[in-house]
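Accompanying notes for the structure given below.
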Amino acid sequence: MTQINDRQLMLGNEALARGLCESGCQMATAYPGTPASEILPAVAALKKSETLESLHVQWAVNEKVAFEIAYAASIAGQRSAVAMKQVGLNVASDPFMSAAYLGVKGGFLVISADDPGPHSSQTEQDSRLYAMSAKIPVLDPDSPEQARDMVDLGFRLSEQFEIPVMIRPTTRVCHARQDIQINKVIPGTVEANFEKNPGRWAATPKFRFKLHNELEAKLAGIASFEETAPVRLNPDTGKPSKAIVVAGVSAAHARDIVNELDVSDRVALYQVIQPYPLHTAFMDEILETHSDILVLEETTGIIEMQLARRDKVKGKQSGHVPRTGELLPEIMEAIIAEFCGTESRSSIMEPVPGRRPTLCAGCPHRASFFAIKRAAPKGIYTSDIGCYTLGMNLGAVDTVLCMGAAISQAAGFAHAYNDEKRPPIVATMGDSTFFHAGVPALIDAVVQKAPILLVILDNRTTAMTGNQPTPATGIDVLGEEVASVDIAKLVEGCGITYCKTVDPMDTKGFITHIKEAVAYTKENGPGVVISRSPCLLSMSKAQRMEQYQKVEVSDDCDGCGYCVSHFECPALVLDSDNERVDIDASLCSGCGVCVHVCPKGSIVPGLVN
Amino acid sequence: MNYQIVISGVGGQGVLFVTRLLAQACMDDNKRVLTSETHGMAQRGGTVISHLKVGTFSSPLIRPGNADLLVALKEENYPQHKGFLRDGGKAIVNAGEESVKGADLTPVDADAMALQDNNLHSTNLYMLGAALASVEVCSLERIKGQIEKVFSAKSDTVRANALLALETGYNHISKEL
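Each protein sequence line maps, in turn, to chains A and B.
First residue of the first sequence: 547, per our numbering; consecutive thereafter.
First residue of the second sequence: 326, per our numbering; consecutive thereafter.
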């Protein structure tokens, strides 16, 4: 057991996991996605280290399924939680909206991590706006420590009002690391007990109307729930005319900035803990007390929206605060300084372009993309969310919309073009994404006989988010054996009759297979090639050494740069005079694929030393 | 004493590892620490930056013009991130003596040192050693203690290589001073 009164250095996501285990949570589910990915593995680690036998922890096939599983535990009376990134909430939005009406029994938390910037996402959407739309209360932590504390607070709020509660951390909370005081882990002890009540748990529209009225009554109570009321951070400085209202990590920035600018006596600083529903008494009080109110929050003006007094409130609506991008502390400092009539001490840095991310040296996706471009050079390449999005560096990714869209977009293009003018259409999608959202789209393509080729980039893992298992892996988040779903059988079950599993590291063979498959799909409707080769990051050193093929660049290399632009391997480096390409031995994984890439045969197998 | 340190490099170089090591070592010195890290797509070979704040802070991010120290694990990170440095702040840059210029900049050829020691995977620790000799954020001994702990399950060679890198980087700077 953990010692109490112990400080531990903890990532925000680990702190959230800690909070769950300190509050008797009995079920935690998730689908990985930056910046939320580390929450579930941290819960699993605590389950093991603290032997929490009553705690069920699992990855789910997608966020909707994860939500519904955890929600059922809650209506059976147990504390439960589901974690996802903000775009995952789009996938889970259907149960999210409905669960607001039905409510909960055991405390139920929806942890939806936002990514202002965005650093690693398609959108900068604000999950708090979703909470508002669903009429679910949301808590907005400013740090790992507060995120941990909000778990227990959220569970109590959820149980008192029988309503799901959202915790909305942002990247700077999830991926901040802080030394925090840990509390005792408390195993959950509630026996599952689902009390049947069809009027509630299976409510028809007539009952839904009644539940909606009850939801409104709950919200009115939540808007005066004492423990989540806004906090005055500088209570000793009286009632100045100016006030700043902050929430989330903006509150953490604001505390430092107000101190450093030495303006604490000129302005009242309030931290909102629960941005929705905003406390009624707080709204009345600050609009009464202060004539000039600045609101700083990420990413949409949710608090500002509720403080509906344009004459008094400055923020995103009024144009005083940027509506897009991360609200960086230097931007906040400039805004706060101006609001308080002083000078900002920090500078705003002009962004200098950094190095773009790239597929790892030896990544099987690179080999697949190279072969697809060779086999179908004039194709339309729809793709999807994952490491393989980086295939755009090779010119092998034309579209990326959202999880699972590669197949449906490919089908849409196929139907839009007429038979004569239709180019080859090749969709690429990772194994985890295929399970997550690709299956319904593939069934649709089968029914409509869409002439498309789907290449499933099956690297046996969910790589981009940190190599979490997929439903095919057969290992769960605890590292224990679970059932495994065979991708080829699943593809066939969708009605596909042309499905081949091929190794992309065999460049020549793979190109031949893609050509054959493209020709087939043109005449017969959808086909699938499963490009199977494991992610290097999930292989042991011994496994990597076993397949190591040393390569060398011969003296014939004339520095044409074909390999650099068409294969884009970080281990192939063009010298500064463009005279020849060299292999960066510290990066080269020895996959040997580049031997087949060089049009002049200047990259050759070397002797292993 | 408060310290604000920016550590940057390229995905795969061990920026996060060094940040965590330093943060944990400062914690062992009973200091409060707060870091902000880069995860996700950028870790695939893109620019990775972490902020480490030691002392009484509540914001996890360092504002431009406020850092005491920039540790650049790649030369290209210096122009990118030097804006974080305050007046009088120091930059420790992984580069040859002649190749980079700038006020308050100390080049440390960690790549060459690592190559000479046949210790290529420890470049980040040569840089950490050099950084420790440049600001008194925590003692060399504390970091050594952390390395012993973190690598306790690894072989003696791995541990020895890590310690060698740290000390070589440290001595490289301290003998200049």
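Even for Gly, the Cβ is constructed at its ideal location relative to N, Cα and C.
- prompt: Hey, is L940(A)'s beta-carbon within less than 7 angstroms of any beta-carbon in chain B?
  reply: Taking Cβ atoms only, chain B never reaches closer than 7 angstroms to L940(A), which makes this a no.
query: Would DSSP call S333(B) helix, strand or coil?
result: Strand.
message: Within 7 angstroms of any Cβ in chain A, is that where the Cβ of M366(B) sits?
response: yes
- prompt: Which partner residues of N419(B) appear in the DSSP bridge assignment?
  reply: V433(B)
query: Would the region 961–979 of chain A and the region 997–1015 of chain A be scored as touching if the rule is three or more Cβ pairs under 8 angstroms?
result: yes
- prompt: Is K730(A) helix, strand or coil when you go by DSSP?
  reply: coil
- request: Specify, as a first and last residue, the run of the alpha helix (DSSP H) that I482(B) falls within.
  value: Per the sequence shown, the amino acid found at residue 482(B) is Thr instead of Ile. T482(B): member of the alpha helix (DSSP H) spanning 481–499, first to last residue.
- prompt: What residues of chain A sit near A348(B), judged by a beta carbon separation below 7 angstroms?
  reply: L555, R723
field: the region 398–409 of chain B touching the region 829–846 of chain A, judged by at least three CB pairs closer than 8 angstroms
entry: The region 398–409 of chain B and the region 829–846 of chain A do not touch, with fewer than 3 CB-CB distances between them shorter than 8 angstroms.
message: Going by beta-carbon coordinates alone, are V818(A) and P776(A) separated by less than 7 angstroms?
response: yes
field: Contacts that L410(B) makes with chain A (C-beta to C-beta distance below 8 angstroms)
entry: What L410(B) touches in chain A: nothing, since even the nearest Cβ is about 10 angstroms away.
- prompt: Are any of the Cβ atoms in chain A nearer than 7 angstroms to that of Q405(B)?
  reply: yes
task: Just mark N964(A) as buried or exposed, buried being the case when its beta carbon has 16 or more other beta carbons within 10 Å.
output: exposed
task: List the residues that DSSP assigns as beta-bridge partners of Y816(A).
output: R778(A), V791(A)
- prompt: Are there 16 or more other CB atoms within 10 angstroms of the CB of K399(B), so buried, or fewer, so exposed?
  reply: buried
Contact list for the region 798–829 of chain A against chain B, Cβ threshold 7 angstroms: A798, H799, R801, D802
Top-ranked residue by Cα proximity to V462(B), from Q368(B), V335(B), M438(B), L394(B): L394(B)
Element boundaries [alpha helix (DSSP H), containing I1042(A)]: Taken as a continuous stretch (DSSP letters only), I1042(A) belongs to no alpha helix (DSSP H), as it is neither H nor E.
query: Do the CB positions of L761(A) and K681(A) come within less than 7 angstroms of each other?
result: yes
field: Residues near P970(A) in its chain [Cβ-Cβ closer than 6 angstroms; skip 5 each side]
entry: Excluding positions up to five away in sequence, the list reads A922, G925, V1064.
query: Which residue from A590(A), G558(A), P578(A), Q554(A) puts its Cα closest to that of C567(A)?
result: A590(A)
Cutoff 7 angstroms; reference A952(A); Cβ partners in own chain excluding five residues on either side: Close CB contacts of A952(A) within its chain, under the 7 angstroms cut and outside five residues either way in sequence, are with T928, S929, D930, A973, T974, M975 (chain order).
- prompt: Does the separation of the CB atoms of Y451(B) and A416(B) fall below 7 angstroms?
  reply: no
- request: Say whether the region 621–632 of chain A touches the region 649–667 of chain A, bearing in mind that this needs 3 or more beta-carbon pairs closer than 8 angstroms, one atom from each stretch.
  value: yes
field: Every unbroken alpha helix (DSSP H) inside the region 579–643 of chain A [4 residues or more]
entry: 585–595, 609–621, 632–637
query: For F654(A), which residues does DSSP report across the bridge?
result: DSSP lists S626(A) as the beta-bridge partner residues of F654(A).
field: Proximity to E584(A) [Cα-Cα], best of A618(A), V1075(A), S620(A), R723(A)
entry: R723(A)
- prompt: Does the distance from the C-beta atom of G652(A) to that of S600(A) stay below 7 angstroms?
  reply: Taking 7 angstroms as the Cβ cut-off, G652(A) and S600(A) do not qualify as a contacting pair.
message: I need the straight-line Cα distance from A435(B) to S673(A), nearest angstrom please.
response: 44 angstroms
message: Strictly under 7 angstroms for the Cβ-Cβ distance: is S914(A) near chain B by that measure?
response: no
field: Residue-chain proximity (P776(A), chain B), Cβ-Cβ < 7 angstroms
entry: no
Status (buried if at least 16 other CB within 10 Å, exposed otherwise) for R1078(A): buried
task: Please go through the same chain and pick out, in chain order, the residues whose beta-carbon is closer than 7 angstroms to the beta-carbon of A1117(A), but skip the five residues on each side of it.
output: A907, I1129, D1130, L1133, C1134
message: Using C-beta distances below 8 angstroms, list every residue in its chain close to A616(A), excluding the 5 sequence neighbours before and after it, in chain order.
response: M573, A574, T575, S626, A627, V628, F654
- prompt: Is it true that the CB of G414(B) sits closer than 7 angstroms to the CB of A392(B)?
  reply: yes
- prompt: Which whole-angstrom value describes the C-beta separation of S1100(A) and V1150(A), a residue pair presumed to lie in contact below a C-beta threshold of 8 angstroms?
  reply: 5 angstroms
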